[in-house]
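Below: one structure, written as structure tokens.
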Amino acid sequence: MASAAVAAAAAPLRRSLLPSLNPSCLFSSLASSSHRLSLPRALRPAGPLPSDVEDSDDSNAGDGAGEALRKSRNDLKREARRAVQWGMDLAKFSPPQIKRILRAASLDREVFDALMLVKRFGSDVREGKRRQFNYIGRLLRGAQPELMDTLIQYSKDGDDNRLLALMSENTFLMEDEEIEDLPCNEEEGDKEHIEIADRWFEGLLSKDISVTNEIYAIHNVEFDRQELRKLVRTVHMVQDNIENEHEEESTMKLLGAKKQLLCFLRSIAKEAYVKS
Numbered sequence: 001m002a003s004a005a006v007a008a009a010a011a012p013l014r015r016s017l018l019p020s021l022n023p024s025c026l027f028s029s030l031a032s033s034s035h036r037l038s039l040p041r042a043l044r045p046a047g048p049l050p051s052d053v054e055d056s057d058d059s060n061a062g063d064g065a066g067e068a069l070r071k072s073r074n075d076l077k078r079e080a081r082r083a084v085q086w087g088m089d090l091a092k093f094s095p096p097q098i099k100r101i102l103r104a105a106s107l108d109r110e111v112f113d114a115l116m117l118v119k120r121f122g123s124d125v126r127e128g129k130r131r132q133f134n135y136i137g138r139l140l141r142g143a144q145p146e147l148m149d150t151l152i153q154y155s156k157d158g159d160d161n162r163l164l165a166l167m168s169e170n171t172f173l174m175e176d177e178e179i180e181d182l183p184c185n186e187e188e189g190d191k192e193h194i195e196i197a198d199r200w201f202e203g204l205l206s207k208d209i210s211v212t213n214e215i216y217a218i219h220n221v222e223f224d225r226q227e228l229r230k231l232v233r234t235v236h237m238v239q240d241n242i243e244n245e246h247e248e249e250s251t252m253k254l255l256g257a258k259k260q261l262l263c264f265l266r267s268i269a270k271e272a273y274v275k276s
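Residue 198 in full-length UniProt numbering sits at position 198 of the sequence shown; the count goes up by one each step and never skips.
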């Protein structure tokens with residue numbers, strides 16, 4: 001009887017414990033316990049974790065690289081526009097002036113040929129000129145900016161003294177080698193115009209006013225009078241500076257300057273002789 005009474009008394013207690021053994025209730029109690037074990041707000045790190053800093057640095061580095069890339073593209077566009085402008089300025093000069101500038105800047109013959117082509121385009125060939133100047137600009141991008149700007153400006157101003165000072169020591173040697181481009185070859189039956197040109201040459205070197213007036217009075221032949229003045233001044237400048245330089249170098253410069261002037265005069269005399 002006593003055991004039966006104890007069992008009857010324990011039955012309500014067992015029934016009250018059964019709900020706590022339910023799996024969902026058990027997991028719920030574990031979750032709430034885990035939540036209570038989490039760090040309180042005051043104990044959380046005040047600054048970013050190392051991984052967050054690395055991610056932020058990478059993001060900023062990407063922005064900096066993008067900015068550098070944009071600057072580089074802007075620089076390239078600016079250089080391209082500047083080179084195209086060089087080509088437009090060069091095309092306004094005479095062929096001998098262009099050759100002189102290109103040689104002083106150590107540029108290839110390809111640039112000269114491209115400039116000669118664009119000079120032959122008419123005013124109505126706008127698209128062709130634009131494309132050709134873009135092509136010339138690409139050829140000129142490797143040139144030294146300050147040197148090109150100076151050479152072009154001195155040529156515009158007609159400042160032969162400074163222009164000559166900028167030329168390298170082998171400039172006249174190059175001109176002497178490539179002077180065959182000018183119509184300077186002697187041929188049978190051309191003795192008369194050669195004699196005329198030689199007389200002009202000697203008269204210009206001796207600063208004979210009558211010879212100078214004779215040449216500039218020619219109207220049946222078109223020639224660059226400004227270029228002729230520059231050639232004459234170059235010969236005189238080299239002669240004046242010959243004492244301040246090494247004999248071999250000054251001799252080569254003088255020979256180159258004289259030959260270019262003589263060929264220029266022969267081209268004028270030949271054309272005038274043919275038309276007369």
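Don't be surprised by glycine CBs; every beta carbon is placed ideally from N, CA and C.
All values derive from a computational prediction rather than experimental measurement.
Given residue i, which residues of its chain have a CB within under 6 angstroms of its CB, disregarding the five upstream and five downstream residues?
i	result
Glu-178	At Glu-178, the pLDDT of 46 sits below 50, so the modelled position is not reliable; the number obtained from the coordinates is stated separately. Cβ within range, chain order: n/a, list empty.
Trp-86	Leu-140, Met-148
Asp-159	none
Gln-132	Val-118
For my contact list, residue i and residue j are in at a C-beta cut-off of 8 angstroms; report their separation, rounded to the angstrom.
i	j	result
Phe-93	Ser-155	6 angstroms
Lys-258	His-193	Incorrect: roughly 18 angstroms between the Cβ atoms, too far for contact.
Leu-115	Ala-91	6 angstroms
Excluding sequence positions up to five away, which residues of its chain have a Cβ less than 7 angstroms from the Cβ of residue i?
i	result
Asp-89	Ile-152
Val-232	Leu-204, Leu-261
Ala-272	Ile-218, Asn-220, Val-221
Met-99	Here residue 99 is Lys; the residue named in the question, Met, does not match the sequence. Excluding residues within five positions, the ones whose Cβ falls inside 7 angstroms are Phe-112.
Gln-97	Ser-155, Glu-227
Glu-79	Arg-141
Lys-129	Val-118, Phe-121
Phe-201	Leu-261, Leu-262, Leu-265
Asp-52	With a pLDDT of 45 at Asp-52, under the threshold of 50, the modelled position of that residue is not reliable, and the figure given next carries that caveat. Same-chain partners within the cutoff: there are none.
Tell me whether residue i is buried or exposed, calling it buried when 16 or more other Cβ atoms sit within 10 Å of its Cβ.
i	result
Ser-28	Its pLDDT being 49, under 50, Ser-28 is placed unreliably in this model, and the value from its coordinates should be taken loosely. Classification for Ser-28: exposed.
Val-235	buried
Ala-217	exposed
Gln-226	exposed
Ile-136	buried
Asp-181	Caution is warranted here: a pLDDT of 45 is assigned to Asp-181, below 50, making its placement in the model unreliable, and no coordinate value can be reported.
Lys-77	exposed
Val-125	exposed
Excluding the 5 residues preceding and the 5 following residue i in the sequence, name in chain order all residues of the same chain whose CB lies nearer than 8 angstroms to its CB.
i	result
Arg-199	Val-211
Inter-stretch contact at 8 angstroms, needing at least 3 Cβ pairs: the region 97–115 / the region 140–156:
yes
Indicate whether the contact test is met: 3 or more Cβ pairs, each with one atom in the region 72–83 and one in the region 108–128, closer than 8 angstroms.
no
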